[in-house]
Amino acid sequence: MLYRRMGQTGLRLSALSFGAWVTFGGRVGRSEARELIAQAYEAGINFFDNAEVYARGEAERLMGDVIADLRLPRDAYCVSSKVLWGSVQEPRPTQQGLSRKHVTEACHQALKRLHVDHLDLYLCHRPDPETPIEETVRAMDTLIRQGKVLYWGTSEWPADAIREAHKIARAQYLHPPSVEQPQYNLLHRERLELEYAPLCAELGMGTTVWSPLASGLLTGKYLDGVPADSRFTAPGYEWMTRTLADAPERRPAQLRAFLALAGEYSCTPAQLAIAWCLGNPQVSTVLLGASRQSQLAENLQSLAVFERLQEADLRRIESVFAR
Ligand SMILES: NC(=O)c1ccc[n+]([C@@H]2O[C@H](COP(=O)([O-])OP(=O)(O)OC[C@H]3O[C@@H](n4cnc5c(N)ncnc54)[C@H](OP(=O)(O)O)[C@@H]3O)[C@@H](O)[C@H]2O)c1
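So this note's numbering is basically just the index in the sequence shown, starting at one, shifted up by 963.
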């Protein structure tokens, strides 16, 4: 495994990490979850990502249970939660958002579900226009001072809002956000490369990037229709099929060219797509998702592919989708 600093912090995260979205608490049951976490940990993964909203708290409960069951040493792995949308089906006003009340209570609930006494990373899952940024910064700072959170951050906040949070924190000697969690893959590059890149340089933010395979699209498995055992058919996630309609006139040709390119590099499309993400030095860790062990085993090999890639290869790979 390769380890990278999370921005300018001293935290060293595995360059590949593992998340629970769609899978845990859905199609992935307890025994598969246990095997996936064990497999990830044995490969050197030290960061497991989660959120209050994933399967309405079930994903955290399952991850917490299997990590406890595996008796992973608490100081050898990091775990996150994300707050905003709540963990109940129809959240009341105080059960969602980034108010001091919800940020605090959601943290306490995540600690219980994950069976830990602190969250290594605690992220605001999106901005909350109904809460002043200062209130959220203060709530996060309090949780850090109480030892319940080690690092806090954001996910898909506008760069200006992140700058504002830093300004408030600097002026009042509070802990600033130190990590952003954006989507990043060959089909979705602008936000990280244009909007967040200056933030990483100016503010020392790290990034834990998500959906390196664009939910599986980059494996090419949706080229001939939606496989019955895929996430696009998972209850509540049918909206994802809309992503198949993106650029319908160009996408299939691009994907076929990408599959051919993976063949040239003697790897699978998934491995090439993940290796390409690792090629961006502003990426602290690439969050993998997998619904079965064979996928995780395949995706872990992307590290070896990354080691073979030169700058020119990275440009060649991304050029496939620029056409
Ligand atoms: N902050 C946020 O807003 C946010 C949003 C999304 C995700 N995330 C985090 O990022 C993590 C990763 O995102 P993601 O799950 O969307 O990542 P992804 O890598 O884009 O998609 C993973 C899915 O692709 C399929 N897959 C994976 N490897 C494959 C392979 N080798 N061959 C064929 N299919 C493969 C599997 O779905 P099938 O079951 O269909 O096979 C798997 O669950 C999440 O778990 C979550 O922790 C954060």
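Just so you know, even glycine gets a beta-carbon here, dropped at the ideal spot from N, CA and C.
Please read these numbers as outputs of a predicted model, since none were measured by experiment.
Out of the options, which one is the CA nearest neighbour of residue i?
| i | options | result |
| --- | --- | --- |
| L1155 | Q1234, V1249, C1070 | V1249 |
| C1087 | D1192, H1081, E1015 | E1015 |
| A1225 | Y1147, T1094, R1213, R1279 | R1279 |
| P1232 | V1283, P1056, L1074 | V1283 |
| C1163 | S1193, A1122, L999 | A1122 |
| L1150 | G970, V985, G988, A1285 | A1285 |
| L974 | T1171, P1215, N1262, M1203 | T1171 |
| A1132 | T1067, V1079, L1166 | L1166 |
| V1276 | N1013, G1242, I1000, E1261 | Residue 1276 is actually Asp in this sequence, not Val. D1276 has its Cα closest to that of G1242, out of N1013, G1242, I1000, E1261. |
State yes or no: is the C-beta of residue i nearer than 7 Å to some heavy atom of ligand 1?
| i | result |
| --- | --- |
| L1047 | no |
| N1262 | yes |
| A1003 | no |
| V985 | yes |
| H1088 | yes |
| P1140 | no |
| Q1258 | yes |
| D1209 | no |
| W1173 | yes |
| E1119 | yes |
From the DSSP output, in three-state form, read off residue i for me.
| i | result |
| --- | --- |
| S1265 | helix |
| Q1144 | coil |
| Y1136 | coil |
| T1206 | helix |
| S1257 | helix |
| K1184 | coil |
| G1027 | helix |
| V1046 | strand |
| T1248 | strand |
When the Cα atoms are used, what is the spatial distance from residue i to residue j?
| i | j | result |
| --- | --- | --- |
| Y1040 | R1089 | 25 Å |
| L1077 | V1246 | 26 Å |
| F1011 | A1177 | 19 Å |
| K1130 | A1006 | 39 Å |
| Y1228 | M964 | 21 Å |
| E1281 | N1148 | 10 Å |
| A1124 | A1134 | 15 Å |
| Q1146 | Y1085 | 17 Å |
| E1201 | L1218 | 21 Å |
| H1081 | N1009 | 15 Å |
State the start and end residues of the unbroken beta strand (DSSP E) segment that holds residue i.
| i | result |
| --- | --- |
| R967 | 966-968 |
| F1195 | No beta strand (DSSP E) contains F1195, which DSSP labels as neither H nor E. |
| Y1085 | 1082-1087 |
| L1113 | 1112-1117 |
| T1171 | 1169-1172 |
Just curious, the alpha helix (DSSP H) that residue i is in, first and last residue?
| i | result |
| --- | --- |
| L1235 | 1232-1241 |
| G982 | Looking at the DSSP string, G982 is not in any alpha helix (DSSP H); the run it does join, the beta strand (DSSP E), is 979-982. |
| T1094 | Element bounds for T1094: n/a, residue is neither H nor E. |
| S994 | 993-1005 |
| V1309 | Only positions 964 to 1286 of the chain appear in the structure, and residue 1309 is not among them; the question remains open. |
| G1226 | 1214-1227 |
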